[in-house]
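The working numbering puts the first residue of the sequence shown at 7, with every later residue one more than the last. Note that CB positions come from ideal geometry on N, CA and C, so glycine has one too. Values in this document were obtained by computation on a predicted structure and should not be read as measured data. Following: one structure in structure tokens, then a few remarks.
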Amino acid sequence: MMGRLGNPQARILVVDPEDWCREFLTSVMRLCGLQEFTMVTSVAEALQALEESAFDLLITDFKLAQQQRLLESCRHRDPTMRVILMLQKRSITSHMVYLEHTDYVFKPLSLDEIVRKIRDAIHQKNLRRAEEEIRRLKQGAFRILG
7 MMGRLGNPQA RILVVDPEDW CREFLTSVMR LCGLQEFTMV TSVAEALQAL
57 EESAFDLLIT DFKLAQQQRL LESCRHRDPT MRVILMLQKR SITSHMVYLE
107 HTDYVFKPLS LDEIVRKIRD AIHQKNLRRA EEEIRRLKQG AFRILG
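This is the structure:
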């Protein structure tokens with residue numbers, strides 16, 4: 007299941023207050039050949055990281071204080087940013103179901119599951135980026151011909 011992912015330049019932001027979780031996800035990222043990831047412990051640090059850089063994927067613990075503020079900030083900056091929410095319990099509240107471009111994983115984290123979710127999120131982001139590029143090229147071609 008492990009191995010290099012399709013885009014080692016994908017930028018990933020991980021937000022979790024627990025050392026074991028950040029260390030586990032750091033190992034996962036390295037095993038998958040990902041090089042561009044940032045680990046932070048709080049929403050405040052995450053918001054600062056978002057000010058300084060663009061990210062393709064956010065992986066965050068859902069129980070963090072000010073989580074809604076973080077998700078709204080991500081959506082405002084890049085509506086196509088993928089999100090993986092880490093949950094403590096196997097229950098999803100109704101307001102979480104409607105978050106676009108969002109997936110879920112449950113703690114304790116399973117190596118195979120988190121690798122699959124990261125791979126899928128990066129793939130979906132790359133597809134979206136390719137679709138936008140094709141659309142842009144088509145519009146440019148019509149302007150040249152028209």
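**Q.** Cα-Cα separation between Gly146 and Glu137, rounded to whole angstroms
**A.** 14 Å
**Q.** Cβ-based neighbour list, Met87, same chain, cut-off 8 Å, excluding 5 preceding and 5 following
**A.** Phe61, Asp62, Leu63, Leu64, Cys80, Arg81, His107, Lys131
Q) Helix or strand or just coil, what does DSSP make of Val103? A) Model confidence at Val103 stands at a pLDDT of 49, short of 50, so the residue's coordinates are unreliable and nothing is read from them.
Q | Bridge partners - Asp67, DSSP secondary structure assignment | A | Met92
Q: Please go through the same chain and pick out, in chain order, the residues whose beta-carbon is closer than 8 Å to the beta-carbon of Pro23, but skip the five residues on each side of it.
A: Thr47, Ser48, Asp67, Leu70
(Q) Please report the distance separating the alpha-carbon of Arg134 from that of Trp26. (A) 32 Å
Q.
So, with DSSP's three-state summary, where would you put Asp62?
A. coil
Q: Could you check if Lys123 is buried or exposed, using at least 16 other CB atoms within 10 Å of its CB as the buried criterion?
A: buried
(Q) Quick check on the DSSP output: the alpha helix (DSSP H) that includes Asp35 runs from which residue to which? (A) This sequence places Met at residue 35; Asp is not what is there. From DSSP, the alpha helix (DSSP H) with Met35 extends over 25 to 37.
**Q.** Identity of the residue in Arg141, Leu91, Ala127 nearest Pro114 by Cα
**A.** Leu91
Q.
Assuming the contact rule is C-beta atoms closer than 8 Å, Ile128 and Ala16 should be a hit. Round their C-beta distance to whole Å, please.
A. 5 Å
Q: Please state if the CB of Leu117 and the CB of Arg83 are separated by a distance shorter than 9 Å.
A: no
Q: Answer with buried or exposed for Leu40, where buried requires no fewer than 16 other C-beta atoms within 10 angstroms of its C-beta.
A: buried
Q. In terms of alpha-carbon separation, which member of Gln73, Leu37, Ala52 lies closest to Thr44?
A. Ala52
**Q.** Span of the beta strand (DSSP E) around Leu19
**A.** 17 to 21
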